[in-house]
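K.L.:
Residue numbers (the numbering used here): 1302 to 1593.
Think of the CB as a built atom: it goes at the ideal place given N, C-alpha and C, for glycine as much as any other residue.
Keep in mind the model is a prediction, meaning the values are calculated, not measured.
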């Protein structure tokens, strides 16, 4: 404490502030530093020894929250004698600060709404405004998404992290790919000549899609998720199994394969199906349409 008293006296003389204010500032900085260091130490040890990535993330977030609460409590104790002065000061400058802190206040209450209403959670894939991505972090003022490309690029990750202000939840349209259940409908279109044996081609396509283990396992999982969501959402489907729709267009037949798939596995599943289709084309089981 002797060194702290000397430091307080020096800073008081240098800044012309009273010793009490300088002491409170020093105590505040020491409290914040110690608690931040403890939180960082825990994070380093947790990242090193915890092998479960999800559990690691949850523990780090909880420790940061607890440390933030402890810091606020300690600062209240340090500055409790000055609260009346602070309130007076705030009442004087509040009008001037209203515009400056407006966005922060709006984001703060929007962040509380996200925490309470949970329009999305960490790991959900969402689309908000012009961005699509997987939610990787939610804080009180903003949330972060790991960007993925658009549907035309199979929605694969770009590796770019986008920080979105929490208030965007009220100003932009939000799509949640996995709020009620984890799977989305995907469609693939195949053109075949109009004089081709269409029933035979459809039979081969059904064989290909049903032989895909990822696709074939989803209807049962989806049915359970629909049952769980029935009490909260008015969602129902008459058919969860893959289906092929037929449409005659000019001189060819358009076959549209519709099936359920996890949004993060779309490209892999499409790749497997197209490879199987090409094998069937090479084996003469399917003939693709080509405009002359």
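Within 10 Å of its beta-carbon, does residue 1353 have 16 or more other beta-carbons around it, so buried, or fewer, so exposed?
P.N.:
Here residue 1353 is exposed: its Cβ has fewer than 16 other Cβ atoms, across all protein chains shown, within 10 Å.
K.L.:
Measure the Cβ-Cβ separation of residue 1558 and residue 1491 and say whether it is below 9 Å.
P.N.:
yes
K.L.:
Is the stretch 1431-1439 touching the stretch 1493-1503 in the sense that three or more CB pairs, one from each, lie closer than 8 Å?
P.N.:
no
K.L.:
If you draw a straight line from the C-alpha of residue 1575 to the C-alpha of residue 1581, how long is it?
P.N.:
10 Å
K.L.:
Inspect the beta-carbon positions of residue 1480 and residue 1444 and report whether they are closer than 9 Å.
P.N.:
no
K.L.:
Pairs of beta-carbons, one from the stretch 1513-1526 and one from the stretch 1541-1553, closer than 8 Å: are there three or more?
P.N.:
Yes, they touch.
K.L.:
How about residue 1468 and residue 1411: do their beta carbons lie closer than 9 Å?
P.N.:
yes
K.L.:
Does DSSP put residue 1412 in a helix, a strand or coil?
P.N.:
helix
K.L.:
Ordered along the chain, which non-local residues of its own chain (more than five positions away) have a Cβ less than 7 Å from that of residue 1553?
P.N.:
1492, 1493, 1494, 1495, 1590
K.L.:
For residue 1488, write down the residues that DSSP places opposite it in a beta bridge.
P.N.:
1559
K.L.:
Which residue comes first and which comes last in the alpha helix (DSSP H) that contains residue 1362?
P.N.:
Residue 1362: member of the alpha helix (DSSP H) spanning 1354-1380, first to last residue.
K.L.:
Below 9 Å between beta carbons: does that hold for residue 1336 and residue 1372?
P.N.:
Yes, Cβ-Cβ distance for residue 1336 and residue 1372 is below 9 Å.
K.L.:
Would you kindly check if the distance between the Cβ of residue 1446 and the Cβ of residue 1429 is under 9 Å?
P.N.:
yes
K.L.:
Hey, could you find the ends of the beta strand (DSSP E) residue 1464 is sitting in?
P.N.:
1458-1466
K.L.:
Quick test of your reading: residue 1442 and residue 1497, contact by CB under 8 Å. State the CB separation rounded to the nearest angstrom.
P.N.:
Rounded, the Cβ-Cβ distance is 58 Å, inconsistent with contact.
K.L.:
What's the C-alpha gap between residue 1326 and residue 1382?
P.N.:
13 Å
K.L.:
Please state the DSSP three-state secondary structure of residue 1470.
P.N.:
helix
K.L.:
In chain order, what residues of the same chain have a beta carbon less than 7 Å from the beta carbon of residue 1555, not counting five sequence neighbours either side?
P.N.:
1490, 1492, 1548
K.L.:
List the DSSP bridge partners of residue 1503.
P.N.:
None; residue 1503 has no bridge partner.
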